[in-house]
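Chains as they are written, first to last, in the numbering used here: chain A, 275 to 725; chain B, 19 to 114.
We treat Cβ as the ideally placed atom computed from N, Cα and C, and that holds for glycine.
Nothing here was measured: the structure is a model prediction, and the numbers come from that model.
What follows is a single structure, written as structure tokens, with notes after it.
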């Protein structure tokens, strides 16, 4: 029998599931994690004792609501945690659950696959002790650990100040925050940010808390290099042509988030260039319908808009699915959700101004910088392929294996595109789109096929 | 020396395991990544240069935290829970 399937149990997937159940359906909810909630509202293991406020701060109420919603729905769902979806074709999803392969026919699928950090590599970024900002947050939230004893936070985006604040509050030594954004950009962004004064206020709060607690925050500060033998020992950074350095044993960095689009790609969704995300994203209408009649898209996996928007987009996509099944849905509710989502989109434009992408990164990256950490492909090797006349990203991948390793370009893909565009002189949207391949994550040998 | 530092949730039962054949100990609720990196400095070595790696994303995306278990399974340390008696080995080494 074909099922209605939701992939991803974060804010979007859980709200989508809740909406379908409220209309009398019993969807199948697949999630790679052992406990639902997604990344931002990731739950700690069951035997941990910290309170929601300690874990999620201002977002505690929202996090608890998402978790309780899933807990209450469990009996009304075919909920499958610990389940990786690694392929999609011919109306079926290929899954892997506790080492067993399975195949799930779907009649309709809501893709809510979330996001990972957008990473712009720097020399030394593969040293033990260097993590993404999201990783640093997961270490603390999910495991009660800091990534080191003297931690530097760098890059840009809303996570930067949030994670630095969470670390300092939990008792970690935060050496400094290096924000690549010049202060002037943040001033220019104010009108857009004022569309969501509460979110803006939280950002300002984290920042002033850090300053009030004596943690240096530097703006227009750019990472230059991480140094160390076997692990991080120090790092160098630049501000207005002046080189500085810190002793530290850990670095967390990222420049915002990138959508996890590989499943939408394998499903066959049509993609369009999105200048705000600097990425190819699966096309969707304001309700979350993709280019395919049986695929719906919601949450950060379809474009970065944050957790609040993900909840609304999950509900809206589920309502679209119900409409398409001929079920009656409340038109006022759909209109309300779309208006709210549009408003958050406006705020998102402001955020992008406040944390602009460091356009100089690609031109400044040295040839020796290791771009692809799986296959260990350097920036110079990618540039050499481009100089041979190749400018299409999948061709470049075929020539030098950038983005071909175990992570399938999740970590280096965005940065590789920047290098290819910069070296070829072509626009970022005219070098093609890195295609997803199954399996989208590595499968173990000797996978058992379920009967 | 450890890479990760425990800041909270220290009051959990200890679980003994072995790391590259030597006795080691973590806490119940630790991922393999946490257990290995509060006891040591790396998880694996790169397939090419042999340089040490200690994971990067902690959310199952980067595939840079694979370790091997006694039954031959290769697992992602960031998303595999520590169990008592596990025999964990770290792969590869720097080429001579």
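According to DSSP, residues forming a beta bridge with residue i
i: residue 642(A); result: According to DSSP, residue 642(A) bridges with nothing at all.
i: residue 302(A); result: 279(A) and 352(A)
i: residue 105(B); result: 36(B)
i: residue 94(B); result: 84(B)
i: residue 63(B); result: 70(B)
i: residue 99(B); result: 49(B)
i: residue 368(A); result: 361(A) and 377(A)
i: residue 496(A); result: 512(A)
i: residue 445(A); result: Its beta-bridge partners do not exist; DSSP assigns none.
Below-9 Å beta-carbon distance, residue i vs any chain B residue
i: residue 406(A); result: yes
i: residue 475(A); result: no
i: residue 400(A); result: yes
i: residue 322(A); result: yes
i: residue 679(A); result: yes
i: residue 333(A); result: no
i: residue 382(A); result: no
i: residue 313(A); result: yes
i: residue 284(A); result: no
i: residue 576(A); result: no
i: residue 318(A); result: yes
i: residue 489(A); result: no
i: residue 655(A); result: no
i: residue 709(A); result: no
i: residue 374(A); result: no
Residue i beta carbon near the ligand COA (any heavy atom closer than 8 Å)
i: residue 331(A); result: Absence of the ligand COA from the depicted structure is noted, as is the absence of any ligand whatsoever, leaving it without description.
Terminal residues of the beta strand (DSSP E) in which residue i lies
i: residue 426(A); result: 424-430
i: residue 547(A); result: 545-548
i: residue 376(A); result: 374-385
i: residue 456(A); result: Here residue 456(A) belongs to no beta strand (DSSP E), and DSSP marks it neither H nor E.
i: residue 343(A); result: Element bounds for residue 343(A): not the beta strand (DSSP E) but the alpha helix (DSSP H), 334-347.
i: residue 400(A); result: It is not in any beta strand (DSSP E) - residue 400(A) carries neither H nor E in the DSSP assignment.
i: residue 271(A); result: There is simply no residue 271(A) to check, as chain A begins at 275 and stops at 725 in what is shown.
i: residue 527(A); result: 524-529
i: residue 492(A); result: 491-493
Contact with chain A by residue i, beta-carbon distance below 9 Å
i: residue 36(B); result: no
i: residue 50(B); result: no
i: residue 114(B); result: Model confidence at residue 114(B) stands at a pLDDT of 42, short of 50, so the residue's coordinates are unreliable and nothing is read from them.
i: residue 107(B); result: no
i: residue 78(B); result: yes
i: residue 43(B); result: no
i: residue 55(B); result: yes
Neighbour list for residue i in chain B, Cβ cutoff strictly below 9 Å
i: residue 444(A); result: 25 and 26
i: residue 650(A); result: 64, 65, 66, 67 and 69
i: residue 414(A); result: 25 and 26
i: residue 420(A); result: 22, 23, 24 and 25
i: residue 684(A); result: 75, 79, 80 and 81
i: residue 309(A); result: Per Cβ cutoff of 9 Å: no residues; residue 309(A) is ~11 Å from chain B at best.
i: residue 647(A); result: 64, 71, 74, 80 and 82
Under 8 Å by beta carbon: chain B residues contacting residue i
i: residue 391(A); result: 75
i: residue 403(A); result: 21 and 72
Closer than 8 Å at the beta carbon, the chain A residues around residue i
i: residue 101(B); result: Residues of chain A passing the Cβ test: none, with the nearest at roughly 13 Å.
i: residue 91(B); result: 373 and 718
Enclosing alpha helix (DSSP H) for residue i [first to last residue]
i: residue 539(A); result: 536-541
i: residue 473(A); result: 471-486
i: residue 326(A); result: 326-330
i: residue 613(A); result: 605-628
i: residue 464(A); result: 464-467
i: residue 553(A); result: Run containing residue 553(A): none in the alpha helix (DSSP H); it sits in the beta strand (DSSP E), 553-556.
Proximal residues of chain B, C-beta to C-beta of residue i below 7 Å
i: residue 716(A); result: 81
Chain-ordered chain A contacts of residue i [CB-CB under 7 Å]
i: residue 46(B); result: 321
i: residue 30(B); result: 321
| query | Considering only residues of the stretch 560-603 of chain A, which uninterrupted alpha helix (DSSP H) runs meet the minimum length of 4 residues and lie entirely inside it, listed in chain order? | reply | Runs of the alpha helix (DSSP H) inside the stretch 560-603 of chain A: 581-598.
| Which parts of the stretch 676-713 of chain A are runs of the alpha helix (DSSP H), unbroken and 4 residues or longer, counting only runs that do not cross its ends? | Within the stretch 676-713 of chain A, the complete alpha helix (DSSP H) runs of at least 4 residues fall at 687-698.
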